[in-house]
Amino acid sequence: MLGLLLACAPTDTERFVEAGLALDLASGHAACAGIADEELRGECAAHVVREHGATDGDLARTTCALGSASWADECVFLLAEELHDPSDPQATATLCQEAGRYSTSCLMHVWSGHAAALKRELGPNEAADAFAPALDWAGPLASEDLARRGWGLFYRTELDVSVPLDVGACAGLPDPHPRHCRQGLHEALARTIHRVSRESPGAFAQACAAEESTSRAEAIQRAAGVTYVPSPALDAVAKRAIAADCRLEREAAGSEE
């Protein structure tokens, strides 16, 4: 009799398909929970949460915990995206703290949307003031490196909306934000110059041919569609980044001859 019952039991693949056809989170959870293989059970849970997680956050968290740790991390990341409310990004960031190896990516996603929203509503300096507290949403994951990356993301978002980079926006922030803000701004400018060297090689080659570094910087800023308020620090960052990429451009051109 036991052998007959086991023979009639759904296979893991059949339960996975059943979960995919589920019309609600509870049914999907039940189907995934019956899968014996831990990895497949975790993949199943992630799929179900992506489809139905927004309907019940608490049950979705329980569903994410059904499988392996690696799938649980991805599942929580997906849940954070499903539950994200632009009017309450801090709640999403708190959930990101539970996403394990995806926590940083999850936080960066939240910060990116928050930065863009602030820029639409406020001026550049006011947006920086308003963005600073968001970095505390990292909670126990907070670190100097993460703060620097957060500010870098803020200024890369600023580049996307054509707002001039201004190191002065960092000056009035409470400690330790000014240092992280400046580091992030420098990184955003250098990354933008590097992006132009890849995406607009013709314009970059012409800029590299200019004799004066000032002419190079102006040409590359035009090609990138980015401007910054002049400052010794940003000038130095731009010159270093331009010199490095111009050297790579010359080496690439030499290898083709």
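Taking our numbering, the leading residue of the sequence shown gets 34, the next gets one more, and so forth.
We put the beta carbon where it would ideally sit given N, CA and C, even for glycine.
In this structure, how does DSSP classify residue i when only helix, strand and coil are distinguished?
i      : result
Leu99  : coil
Leu198 : strand
Kindly say whether residue i, judged by its beta-carbon, lies nearer than 9 Å to any beta-carbon of chain D.
i      : result
Pro265 : Checking the listed chains, one finds no chain D in this structure; it contains a single protein chain.
Is the beta carbon of residue i sitting closer than 9 Å to the one on residue j?
i      : j      : result
Leu58  : Leu99  : no
Ile226 : Ala271 : yes
Ala66  : Trp104 : no
Tyr135 : Asp169 : no
Ser230 : Leu281 : yes
Tyr261 : Leu222 : yes
Ala55  : Glu84  : yes
Arg181 : Thr137 : no
For my contact list, residue i and residue j are in at a C-beta cut-off of 8 Å; report their separation, rounded to the angstrom.
i      : j      : result
Leu151 : Ala163 : 5 Å
Gly133 : Leu116 : Incorrect: roughly 17 Å between the Cβ atoms, too far for contact.
Cys97  : Leu112 : 6 Å
For the candidate residues the options, whose alpha-carbon lies nearest to that of residue i?
i      : options                        : result
Ala16  : His213, Cys139, Leu54, Ala277  : Beyond the ends of the chain as shown, which are 34 and 290, falls residue 16; an answer cannot be given.
Glu114 : Thr96, Ser101, Cys97, Gly86    : Gly86
Gly75  : Arg228, Ile275, Val109, Leu168 : Val109
Asp118 : Ala102, His147, Arg94          : His147
Gln239 : Ala124, Ile275, Asp268, Ala42  : Ile275
Ala165 : Thr137, Ala204, Pro197         : Ala204
Leu155 : Ala202, Met141, Ala124         : Ala202
Ala269 : Gly235, Arg228, Gln216         : Gln216
His62  : Ala102, Pro211, Arg94          : Arg94
Ala161 : Leu111, Arg273, Ala242, Cys214 : Cys214
Arg228 : Pro263, Arg189, Ser145, Pro173 : Arg189
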